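**Student:**
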Amino acid sequence: MHETEREFRTDRFHALRLRLCAGLRGAVLLAMVCTLVCALPGRSQSSGGSNGGQGQGQGSMHSHAPEPDLSTPADGDVDLSMAERRIRALNNERQKQIVADTDKLLKLARELNEEVAKANTGTLTMDELHKIADIEKLARNVRQRMTESVGQPQTTMPTPAPMVFPTPTH
Amino acid sequence: MATDLKSEVDKTTRDTLSVTVVRKASAIEQLAHKVRTGSPKG
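Protein chains in written order, with our numbering: chain A, 209 to 378; chain B, 2 to 43.
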């Protein structure tokens, strides 16, 4: 009877121990979940305040958190450099067009000169008249492209020195 | 005139506004217009 009673007690103790362990694990898990749940809204609020309410989830918070500090002061610089780059590109394109038009004009003028010298009739053919019209058009394009520059014009005039008048001595 | 214009254009950069180029191009344009309209068609 003693042995069976001892075995019964041992089994009960073992079952109790198992239950206690399971309960402890559950409590630890619950505490971890609570900590995570409490921590998430606080973080999203703090990041939402600095980010304009764009923080969504932990991954996005990590990727968005350092951005405002770096991008906010550089926004103007980025826009300025973009505009400067655009103006430079447009001016480059304009210069290329001017050079290309001048090359065409020179080629047409040489061809026309040769044709007129060969014919030496005093009259112009249709082909020659077309070439003259093209030359006129190209010259107009060159003039217009040269006068209309993109962006702010660069001032090449030096600032005048202040005038100094001699003081009369009596 | 066209050769002069070409040499002047070659001197300019993308940031340059050359008055000489404008004048020479304008002179070529006027001359071409005068020759084209003053000459008989056909």
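Virtual Cβ for every residue (Gly too), placed ideally from N, Cα, C. Since the structure is predicted, the reported quantities are computational estimates derived from the model, not experimental observations.
1) Under a CB-based cut-off of 7 Å, is glycine 260(A) close to chain B?
2) Hey, does glutamine 305(A) have any beta-carbon neighbour from chain B nearer than 7 Å?
3) What residue does the alpha helix (DSSP H) around glutamate 344(A) start on, and which one ends it?
4) Compare the Cα-Cα distances from arginine 37(B) to each of Lys304(A), Leu332(A), Thr355(A) and report the closest residue.
5) Which of the three DSSP states is assigned to aspartate 16(B) in this structure?
6) Would asparagine 299(A) count as contacting chain B if we go by Cβ distances under 7 Å?
7) Can you tell me which of the three DSSP states asparagine 299(A) falls into?
8) Taking 7 Å as the CB-CB cut-off, is lysine 7(B) touching chain A?
9) Just checking: is the beta-carbon of methionine 290(A) within a distance shorter than 7 Å of some beta-carbon in chain B?
10) Output, in chain order, the set of chain B residues within a Cβ distance shorter than 7 Å of arginine 294(A).
11) Where does methionine 240(A) fall in DSSP's three states?
12) Should alanine 341(A) be flagged as near chain B, meaning a C-beta pair shorter than 7 Å?
13) Go ahead and label proline 274(A) buried or exposed: buried means 16 or more other beta carbons lie within 10 angstroms of its beta carbon, across all protein chains shown.
14) Report the option in Ala297(A), Arg227(A), Leu238(A) whose CA atom is closest to the CA atom of threonine 14(B).
15) Does the contact criterion of 3 or more C-beta pairs under 8 Å hold for the region 299-307 of chain A versus the region 5-23 of chain B?
**Tutor:** From the atom records:
1) As a working note, residue 260(A) is residue 52 in the first sequence. Any reading at glycine 260(A) must be qualified, since the residue scores a pLDDT of 40, below 50, and its modelled position is unreliable; no value is offered.
2) As a position in the first sequence, residue 305(A) is number 97, starting the count at 1. The beta carbon of glutamine 305(A) sits no closer than 7 Å to any beta carbon of chain B.
3) Indexing the first sequence from 1 puts residue 344(A) at position 136. Looking at the DSSP string, the run of the alpha helix (DSSP H) that includes glutamate 344(A) is 334-355.
4) For the purposes of this step, residue 37(B) is identified with residue 36 of the second sequence, where counting begins at 1. In terms of CA proximity to arginine 37(B), Leu332(A) leads the group Lys304(A), Leu332(A), Thr355(A).
5) For the purposes of this step, residue 16(B) is identified with residue 15 of the second sequence, where counting begins at 1. Coil at aspartate 16(B), not helix or strand.
6) The count along the first sequence starts at 1 and reaches residue 299(A) at position 91. Yes, its Cβ sits closer than 7 Å to a Cβ of chain B.
7) As a first step, residue 299(A) is located in the first sequence; it is residue number 91 there, counting from the start. DSSP, read as helix, strand or coil, puts asparagine 299(A) in helix.
8) Translated into positions along the second sequence, residue 7(B) becomes position 6. Closer than 7 Å: yes.
9) One-based indexing of the first sequence puts residue 290(A) at position 82. No, because no Cβ of chain B sits closer than 7 Å to the Cβ of methionine 290(A).
10) Within the first sequence, numbered from 1, the residue matching residue 294(A) stands at position 86. Those within 7 Å of arginine 294(A) in chain B number zero; the least Cβ separation is about 13 Å.
11) Looking up residue 240(A) in the first sequence gives position 32. Three-state result, methionine 240(A): helix.
12) By 1-based counting over the first sequence, the position of residue 341(A) is 133. Yes, contact with chain B.
13) The residue you call residue 274(A) lines up with position 66 of the first sequence. Confidence in proline 274(A) is poor, its pLDDT being 48 and thus under 50, which makes the residue's placement too unreliable to answer from.
14) For the purposes of this step, residue 14(B) is identified with residue 13 of the second sequence, where counting begins at 1. Ranking the options by Cα distance to threonine 14(B), first place goes to Ala297(A).
15) Short answer: they touch.
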